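In the working numbering, the protein residues as written are 3 to 229.
What follows is the structure, encoded as structure tokens:
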């Protein structure tokens, strides 16, 4: 049975984090340090979850930027960390996102998001700012669980919020680590191979059910599987 609910990661899967590279070019003279920062952000988000601590992703991201500044001997100001927070909330959608989401919605799938980013009351979400919010019936954040993906609790939270079984859901993400958490609780999985991402092929670990280059291809594959 194909999934009825598609649960989308947001950062890098739907919206383009490379737009934040301008900040790292301005501060460090190297856009590539965006990836060093992002990798550190993910590592520390997992670390604080495992150690049963919690701060929201934007707060953590600002702290990781300051840490990166110390490592590279670059002074990071409050204005720099606020600029990072603004950039994280205003990343543009990937060019394929709107068309792919529209095709999936029109094909009868329920679409929701599950993001590590916090919801800020009274403020538009990253998806609002990217023009994608209209495609989703719910935007869920790990904030309510006080744990980051890929902790199994956050995927179970999706099922509770929607009153569905894990087998009804497919996680759609650009990151294999995100899919591993979803697969552990019984979700299907689809990897979007955004630049810099690929299948984690290791004996003993589950592979994604689908591997596609973008959301248009995902819509085409799921439509074919539904026939």
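Note that the Cβ used here is the ideal one computed from N, Cα and C, for glycine as well.
Note that the structure is predicted; figures quoted are calculated from it, not measured.
Item to complete: Determine the burial state of residue 179: buried for a count of at least 16 other Cβ atoms within 10 Å of its Cβ, exposed for fewer.
Response: Classification for residue 179: exposed.
Discussion item. What does DSSP give as the partner residue(s) for residue 143 in the beta ladder?
Written reply: 117, per the DSSP bridge assignment.
Fill in: Rounded distance between the beta-carbons of residue 220 and residue 212, thought under 8 Å
Right, the Cβ-Cβ distance comes to about 7 Å (below 8 Å), so this counts as a contact.
Worksheet item: Can you round the beta-carbon distance between residue 194 and residue 174 to whole angstroms, since I take them to be within the 8 Å contact cut?
Response: Correct: roughly 7 Å between the Cβ atoms.
Discussion item. Only counting the same chain, and skipping five residues up and downstream in sequence, which positions put a Cβ closer than 8 Å to that of residue 115?
Written reply: The answer, listed in chain order, is 9, 10, 11, 12, 16, 129, 138, 140, 141 and 142.
Item to complete: Determine the direct distance from the alpha carbon of residue 121 to that of residue 164, and round the result to whole angstroms.
Response: Their Cα atoms are separated by approximately 18 Å.
Discussion item. For residue 60 and residue 204, I'd like the C-alpha separation in whole angstroms.
Written reply: Annotation: residue 60 to residue 204 spans about 32 Å, alpha carbon to alpha carbon.
Practice prompt. Specify whether the region 41–54 and the region 63–71 touch according to this definition: at least 3 beta carbon pairs, one from each stretch, less than 8 Å apart.
Written response: Contact holds: three or more Cβ-Cβ distances are below 8 Å.
Discussion item. Within a Cβ cutoff of 7 Å, which residues of the same chain sit near residue 170, ignoring the five residues on either side of it in sequence?
Written reply: Around residue 170: 5, 6 and 7.
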